[in-house]
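Worksheet for the structure shown next.
Chains as they are written, first to last, in our numbering: chain B, 75 to 362; chain Y, 10 to 290.
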C-alpha cells in the first residue's frame with residue numbers, strides 16, 4: 075500500500091502496523107464486512123416476502139394451503155435454525171443438479187446415488203467446472219441467501235400473522251358493510267393497518283437477523299469470521315508479518331462491530347416506532 | 010432388529026466416551042444415524058439445562074441490579090446485558106475460546122497472603138466448561154432483560170398491599186415481587202428456554218474441539234451428511250429430536266405456569282401462550 079512497506083522486516087511500531095493493516099488479505103477482510111451488509115440488505119426483503127406468503131397462506135380458506143402455511147410458521151419453533159442453515163444450501167444444490175441431470179443427460183442410465191456418492195454428469199454440475207471463481211462465489215452466496223430468507227421468513231410469518239390477527243374485527247366488518255370483496259378488504263383494510271402491530275416484532279427480528287449473519291461462516295463463505303480466524307492465527311517467521319496468536323483481538327473487533335451495529339439499529343428503530351405511534355389510538359400515541 | 014440393539018449398545022453413549030471408539034465409516038445404516046445423533050443430544054441437554062438453571066438465578070440478580078437506583082449497581086448490569094444481547098452468540102463463542110487459549114496452560118497462583126489459590130485454567134478451553142460459561146452468561150443476559158421488563162410491570166397495588174401488610178426487605182421480595190415477576194415473565198422465559206436449547210447446537214462449530222469425536226447431535230449429523238453426501242436423512246433426524254425436546258419444554262414450562270397462576274381467579278388465569286409475535290432474542 076505505502077511505499078515504505080516494501081520490506082516489512084525492517085520497520086517497527088506504527089509504521090509496521092500501518093503496513094500490516096493494509097495488506098491484500100486485510101483488504102479482503104474489510105470487503106467481507108460489505109458482504110455482511112449486502113446479506114442483511116438482501117435477506118431482509120426476501121424474508122419479508124417469504125413471511126408474507128407464509129402468513130397469507132396460514133389464513134387461506136383452502137385447508138391444504140392453510141396447513142402448509144401453518145406448518146411452515148410452526149417449524150421454526152421446534153427445529154434450531156442452524157439445522158436449516160446446514161441443510162438448505164446442500165439440499166438445494168443437490169436438487170438443482172438432480173433436475174439438470176434428468177433434463178440434460180437423459181441418456182445416462184447409471185443411478186445418481188451410488189453408495190456414498192452423488193454422481194451427476196459434467197453438464198449438470200452447478201456451477202459448471204469451467205466456470206470462473208466469481209461464479210462459484212455468487213452461487214454459494216445465493217444458496218446461503220435463500221437459506222436465510224427461508225428461516226427468517228418463518229420468523230417474519232409469525233410476526234405478520236399475529237399482526238393481521240390484531241387488526242380490530244370491527245374494521246373488517248365495516249369493510250364488509252360497505253360491500254368490499256374479501257381481496258379488497260385484505261388489500262385496503264387489513265394490510266395498511268397491520269404494520270403498527272407488526273413493528274415491534276419486526277424490529278426484534280431485524281436484531282435477530284443481524285446477530286445471525288456470522289453463521290455465513292458455516293455455509294463455507296469467506297466472511298468476517300473466516301478472515302478473523304485466518305488473519306488472527308499465529309504467523310511464524312516465514313510470513314511477511316509474523317505475529318503471535320491474535321485471534322482474540324480480531325474477534326474483539328467483530329464484537330465491537332456487531333455491538334455498534336445493534337446499538338445503531340436500536341436507536342433508529344426506536345425513532346421509527348415513536349414516529350409511527352404518533353396519532354395512533356394507543357398509549358404511546360396519546361402520550362406523545 | 011437385533012443388530013440395531015447392538016448399535017444401541019455400541020453407540021448409545023458414544024458422545025460421552027463409552028462404547029465403540031471408531032465412528033461408522035462405510036455402509037452407514039439408518040439405525041446408526043438415529044442412535045449416534047440421539048447420543049449427541051446428551052450434550053445439547055447438558056449444556057442447556059445447566060446454563061438455564063444457573064442463568065435463572067444470575068438473571069434475577071441482573072434484573073434487580075438493572076432496576077436499582079444506584080448507578081453503582083445498575084451500570085454494570087446494563088453493560089453486561091448490552092454486551093451479551095448486542096453481539097452474536099457465535100462470535101461470543103469464538104472470542105471466549107480464543108481468550109481462554111491465551112490463558113496460561115498450567116493455571117496461575119493467586120497469593121492471598123495467608124494461602125495460595127491455584128486457578129485452574131486448562132479446563133476453560135474444553136467445551137464442557139468453556140462453552141457452558143458462554144451459554145450461561147448469554148442466557149443470563151437475555152433472561153435478565155425479560156425479568157427486568159416483568160419487574161417494571163409488577164402492579165403498584167401489589168406493592169402497596171405488601172406495605173400495608175407490613176412486608177419489608179427480603180420477605181417482600183420473596184413473597185410478593187418475585188412470584189409476580191416470574192408470572193409475568195413466564196411466557197417470554199419459555200421462549201428463551203426453547204432458544205437456549207437451539208443455541209447449544211453452535212458449540213462444536215466454534216473452535217471448542219469435539220475431543221475424540223465426542224460431539225453434540227448436529228456434530229454427528231454433519232459428520233453423516235459429509236460421509237454419505239446425503240443431507241436428507243441426518244438433518245431431519247436432528248429436527249425430529251429437537252421437536253420432541255421442544256414439546257417437552259413447552260409441557261414442563263406449562264406446568265410451572267399453572268402453578269404460578271394458581272392463586273388467580275379462573276377468569277384471569279392465563280394458559281401458557283408464548284408470545285410468538287414478538288420474539289425477544
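For every residue, glycine included, the Cβ atom is placed at its ideal position computed from N, Cα and C.
Source: prediction; values computed, not measured.
Check, Outcome
"In or out: residue 205 of chain B buried (at least 16 other Cβ within 10 Å) or exposed?", "exposed"
"Evaluate residue 123 of chain Y with the Cβ neighbour count: other Cβ atoms within 10 Å of its Cβ, from every protein chain shown; 16 or more gives buried, anything less gives exposed.", "exposed"
"With a cut-off of 9 Å, does the C-beta of residue 350 of chain B fall near any C-beta of chain Y?", "no"
"Can you grab the Cα-Cα spacing for the pair residue 223 of chain B / residue 182 of chain Y, in whole Å?", "45 Å"
"Which of the three DSSP states, helix, strand or coil, is assigned to residue 37 of chain Y?", "coil"
"What does a CB cutoff of less than 8 Å around residue 194 of chain B pick up in its chain, not counting 5 residues either side in sequence?", "171, 172, 174, 175, 179, 186"
"Is residue 247 of chain Y close to chain B? Criterion is C-beta to C-beta, closer than 9 Å.", "yes"
"Which chain B residues sit within Cβ distance under 7 Å of residue 244 of chain Y?", "157, 160, 161"
"Tell me, which residues are paired with residue 192 of chain B by DSSP?", "B:187"
"In chain B, which residues lie with their C-beta within 7 Å of the C-beta of residue 107 of chain Y?", "321, 322, 325"
"What do you reckon, are the CB atoms on residue 326 of chain Y and residue 57 of chain Y nearer than 9 Å?", "Because chain Y spans 10 through 290 in this model, residue 326 of chain Y falls outside it and cannot be assessed."
"So is residue 154 of chain B in contact with chain Y if we call contact Cβ pairs under 9 Å?", "yes"
"Should the region 254-270 of chain Y be regarded as contacting the region 190-205 of chain Y, the criterion being three or more beta carbon pairs within less than 8 Å?", "yes"
"Can you tell me whether DSSP reads residue 134 of chain Y as helix, strand or coil?", "helix"
"With DSSP collapsed to three states, give me the class of residue 180 of chain Y.", "helix"
"Is the shortest distance between the beta-carbon of residue 164 of chain B and the beta-carbons of chain Y less than 9 Å?", "yes"
"Relative to the C-alpha of residue 93 of chain Y, which residue among B:345, B:326, B:151, B:147 is closest?", "B:326"
"Express the C-alpha separation of residue 228 of chain B and residue 343 of chain B in angstroms, rounding to a whole number.", "21 Å"
"Counting only Cβ pairs nearer than 8 Å, list the residues of chain Y close to residue 192 of chain B.", "238, 239"
"Taking C-beta to C-beta, are residue 323 of chain B and residue 306 of chain B nearer than 9 Å?", "yes"
"In or out: residue 225 of chain B buried (at least 16 other Cβ within 10 Å) or exposed?", "buried"
"What is the rounded straight-line gap between the Cα of residue 219 of chain Y and the Cα of residue 227 of chain Y?", "12 Å"
"Under 9 Å between C-beta atoms, does residue 299 of chain B make it to chain Y?", "yes"
"Compare the C-alpha of residue 144 of chain Y against each of Y:13, Y:59, Y:248 and name the closest.", "Y:59"
"So that I know if they touch, is there some Cβ in chain B lying closer than 9 Å to that of residue 234 of chain Y?", "yes"
"Roughly how many angstroms separate the alpha carbons of residue 349 of chain B and residue 131 of chain Y, rounded to a whole number?", "52 Å"
"Looking at residue 238 of chain B and residue 151 of chain B, is the spacing between their C-beta atoms short of 9 Å?", "no"
"Mind pulling the alpha helix (DSSP H) runs of 4 or more residues that sit fully within the region 98-128 of chain Y?", "98-111"
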